[in-house]
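So the sequence shown is residues 1 to 244, counted in the UniProt record's numbering. Heads up: the structure comes next, in structure tokens.
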Amino acid sequence: MIEVVEASKRFGTLEAVSQLSFTVNPGEVVGLLGENGAGKTTTMRLISGILQPSDGEIRIGGILTSTEPLAARKQVGLLFGGDVGLYGRLTAWENIAYFGRLYGMAERQLRERIAQASEKLGMESYVRKRVAGFSRGMRQKVAIARALVHDPPVVLLDEPTTGLDVSGALVFRELIAQLRQEGKAILFSIHNMSEVKKLCDRVVIMHKGRIRFQGTIEEWRAPYDSDDPTDWFLPVIQGGGCDE
Ligand SMILES: Nc1ncnc2c1ncn2[C@@H]1O[C@H](COP(=O)(O)OP(=O)(O)OP(=O)(O)O)[C@@H](O)[C@H]1O
Ligand SMILES: [Mg+2]
């Protein structure tokens with residue numbers, strides 16, 4: 001569903017990502033890991049069509065992001081953690097609806113989708129309120145609903161659990177499980193290693209713009225004696241990993 005083929009992105013003289021190749025299949029959850037500045041967000045922006053690769057190509061459901069950026073973009077739900085960019089003066093409902101209309105959704109379908117998402121994410125008590133007074137976790141849930149409103153087959157989540165409390169994180173985990181069951185191709189970046197172990201089918205580990213390792217959780221942990229994924233992560237980025 002997501003195919004990245006030898007994609008590179010340069011900003012001036014800096015090569016932020018170099019010759020990335022990986023795929024994410026329908027129904028698969030892939031964790032994109034790496035330290036600050038490794039190139040994770042750049043990779044997500046390339047896949048979502050916000051950025052174009054300097055070299056190589058990216059296909060979403062077979063559609064090339066370089067030649068059909070709008071068609072590719074419709075296949076993708078994109079969620080960034082941190083400042084989620086909602087309109088404070090609009091209600092949660094209006095924020096989500098605004099996005100849905102951009103994707104050309106019909107009003108009735110939009111209403112159904114928002115009601116469903118609001119129930120699923122436990123937002124019913126505040127979905128009709130203005131976002132301006134919301135806590136970080138509440139905003140994050142609105143942003144999740146907004147990213148998924150058009151039911152995209154590809155879901156990109158860049159540090160989505162930032163700001164979520166314990167129950168929010170649990171809701172998020174259930175959401176991932178459900179999206180996987182619906183057959184979505186899911187790529188997300190996350191710094192919390194224990195979450196990675198619980199959530200991902202496979203990982204892609206980046207360091208300084210390059211892929212150092214990709215494989216299943218079992219393949220990743222195999223060389224190590226520890227149950228703690230931090231112990232599997234550090235050797236990979238310190239140069240001990242193998243790129244398959
Ligand atoms: N628009 C841009 N212009 C110039 N340099 C950029 C731009 N976007 C990213 N970079 C650089 O590309 C590199 C990769 O950045 P990126 O944001 O992809 O990292 P990241 O893995 O998402 O890091 P973090 O974990 O901190 O979010 C960094 O060196 C960053 O400074
Ligand atoms: Mg980032």
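Quick reminder that beta carbons are idealized off the backbone N, C-alpha and C, glycines included.
Residue i: first and last residue of the uninterrupted alpha helix (DSSP H) it sits in
i           : result
residue 181 : 166-181
residue 9   : Here residue 9 belongs to no alpha helix (DSSP H); instead the beta strand (DSSP E) covers 2-11.
residue 31  : Per DSSP, residue 31 belongs to no alpha helix (DSSP H); it is in the beta strand (DSSP E), 29-33.
residue 51  : Note, residue 51: premise wrong, no alpha helix (DSSP H); not H, not E.
residue 234 : 229-235
Cβ-heavy atom distance, residue i to ligand 2, below 6 angstroms
i           : result
residue 162 : no
residue 40  : yes
CB-CB length for residue i against residue j, believed under 8 angstroms
i           : j           : result
residue 153 : residue 1   : 6 angstroms
residue 39  : residue 16  : 5 angstroms
residue 55  : residue 21  : Between residue 21 and residue 55 the Cβ distance is about 12 angstroms, and since that is not below 8 angstroms, they are no contact.
residue 19  : residue 6   : 5 angstroms
residue 149 : residue 108 : So it is not a contact: roughly 13 angstroms between Cβ atoms.
residue 190 : residue 159 : 6 angstroms
Enclosing beta strand (DSSP E) for residue i [first to last residue]
i           : result
residue 80  : 76-80
residue 18  : 14-24
residue 102 : Here residue 102 belongs to no beta strand (DSSP E); instead the alpha helix (DSSP H) covers 92-102.
residue 121 : First-last for residue 121: undefined, no H or E at that position.
residue 142 : First-last for residue 142: 136-148, but that is the alpha helix (DSSP H), not the beta strand (DSSP E).
residue 158 : 154-158
Ligand 1 heavy atom lying under 6 angstroms from the CB of residue i
i          : result
residue 34 : yes
residue 16 : yes
residue 22 : no
residue 37 : yes
residue 11 : yes
Problem set entry | Completely contained beta strand (DSSP E) runs for the stretch 181-224, where each covers 3 or more residues | Fully enclosed beta strand (DSSP E) runs of 3 or longer: 185-189, 202-207, 210-216.
Problem set entry | Cβ contact check for the stretch 77-90 and the stretch 138-156: 3 or more pairs under 8 angstroms | Remark: three or more beta-carbon pairs, one from each stretch, lie closer than 8 angstroms, so the stretch 77-90 and the stretch 138-156 are flagged as touching.
Problem set entry | the stretch 27-34 contacting the stretch 191-202, beta-carbon criterion three pairs below 8 angstroms | As far as the Cβ criterion goes, the stretch 27-34 touches the stretch 191-202, which means the pair count is three or higher.
Problem set entry | Cβ contact (3+ pairs, closer than 8 angstroms) linking the stretch 227-240 and the stretch 188-198 | The stretch 227-240 vs the stretch 188-198: in contact.
Exercise. Three or more beta-carbon pairs under 8 angstroms between the stretch 62-69 and the stretch 87-101, yes or no?
Worked result: Between the stretch 62-69 and the stretch 87-101 there are fewer than three C-beta pairs closer than 8 angstroms, too few to call the two in contact.
For this session: Answer yes if the stretch 160-170 comes into contact with the stretch 129-144, meaning at least three C-beta pairs across the two stretches below 8 angstroms, and no otherwise.
Result: Yes, the stretch 129-144 is in contact with the stretch 160-170.
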